[in-house]
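Contents: one structure, followed by commentary.
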Amino acid sequence: MLIKICGLTRQGDVDAAVKLGAGFCGFIFHPHSPRFISPEAAGELESGSMLRVGVFVTQDAKEILRIMDQARLDLAQLHGMQSIECAKEVGAERVIRVIWPDRYAHRALLYNEVQKYAGSCAYYLFDAGSSGGGSGQRLPWQDLYGLKREHPFFLAGGLKAENVGQAIISCDPEGVDFNSGIEDGPGLKNSLKMRAAIEAALNAGSHQEKKS
């Protein structure tokens, strides 16, 4: 089970994520987000063996690449309406493409959207709502079960210790993305909530692997 902790702003929270076994750490570079961090500040945070992910909403490829270099990022999470051409310029192997399933009235339309981006990303991230992120809303997880796709997907949207196990059982994602569900406030992670959420996710993930 891939574990991503997003919206990080403090070294102590990054250290806790490393210690607890998260594989991905996310930094939000959208100025209007309450979890915004500057590229300079993100670049100063040490993240051990975790892959470093930047969340981009309005930036174009040139700006994304500049920030990726400045913040020492491994992956770019395209959380806006960036084009396929933008993703390819960043490098498909370095892109997490965000998709909002709630935008699509029928599963076939969601499948078409997933297929459209198959050649321009390495991962998908399915988020709750119809735009933005970090709202604490949750997806109808069961609607994602068995969705055909070319790449692994992260599940996001209001995940925490109390519900992540059911989310994993319901839609069988390769990864989960924790953000607002493990916070005391925007960008302020709670290490106990983080520990409980990660342990619940890994436990549920191990049960899914035994079933498959």
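Take any residue in the sequence shown, note its place counting from 1, add 31, and you have its number in my numbering. From the three backbone atoms N, C-alpha and C, an ideal C-beta is built for every residue, glycine too.
| field | Bridge-paired residues (DSSP) for Phe157 | value | Ile130, Leu186, per the DSSP bridge assignment.
| Under a three-way DSSP split, which group does Val246 fall into? | Nothing can be reported for residue 246, as the shown portion of the chain is limited to 32 through 243.
| said: Measuring straight from C-alpha to C-alpha, what distance separates Met99 and Gly177? | reply: Taking the straight line from one Cα to the other gives about 33 Å.
| Residues in its own chain within less than 6 Å of Met32 by CB, not counting five upstream and five downstream? | Once the five neighbours on either side are set aside, the close Cβ partners of Met32 are Ala232, Leu233, Gly236.
| field | Secondary structure of Ala72, DSSP reduced to three states | value | Note: Ala72 maps to helix in three-state DSSP.
| task | Determine the DSSP secondary structure at Val84, reduced to helix, strand or coil. | result | Here Val84 sits in strand by DSSP.
| said: Alpha carbons only, please: which of Phe184, Ala102, Leu82 is nearest the one belonging to Arg128? | reply: Restricting attention to Phe184, Ala102, Leu82, the CA atom closest to the CA of Arg128 is found in Phe184.
| query | In three-state DSSP terms, what is Gly111? | reply | The answer is coil: DSSP assigns Gly111 none of H, G, I, E or B.
| Quick one: what's got a C-beta closer than 7 Å to Pro132's C-beta in the same chain, skipping five residues either side? | By the criterion of a C-beta distance shorter than 7 Å, Pro132 is surrounded in its chain by Leu141, Phe157, Leu170, Asp174, Leu175, once the five residues flanking it on both sides are discounted.
| task | Enumerate in chain order the residues of its own chain whose CB-to-CB distance from His238 is below 6 Å, with the five nearest sequence positions on each side excluded. | result | Contacts found: none.
| message | Short of 7 Å in beta carbon distance, which residues of its chain neighbour Met112, apart from the five on each side in sequence? Order them along the chain. | response | For Met112, where only same-chain residues beyond five positions count, there are no Cβ hits under 7 Å.
| What is the DSSP secondary structure of Leu178, reduced to helix, strand or coil? | DSSP places Leu178 in coil when its eight states are reduced to three.
| For Ala53 versus Ile36, is the C-beta distance shorter than 9 Å? | Against a cut-off of 9 Å, the Cβ pair of Ile36 and Ala53 comes out as a contact.
| task | For Arg103, I'd like the list of residues in its chain whose CB is within less than 7 Å of its CB, leaving aside the five on either flank, ordered along the chain. | result | Gly74, Arg83, listed in sequence order.
| message | Please identify the residue among Glu120, Ala198, Ile213 whose C-alpha is closest to the C-alpha of Gly206. | response | When only C-alpha atoms are compared, the closest one is Ala198.
| message | Please tell me whether Tyr155 and Arg180 are closer than 9 Å, where the distance is taken between their beta carbons. | response | Contact flag set, yes.
| Assumed close pair Met225, Leu51 - CB separation to whole angstroms, cut-off 8 Å | The pair is a contact, with the Cβ atoms about 6 Å apart (cut-off 8 Å).
| message | Rounding to the nearest angstrom, what Cα-Cα distance links Glu230 and Ala92 in this structure? | response | Computed Cα separation, rounded: 36 Å.
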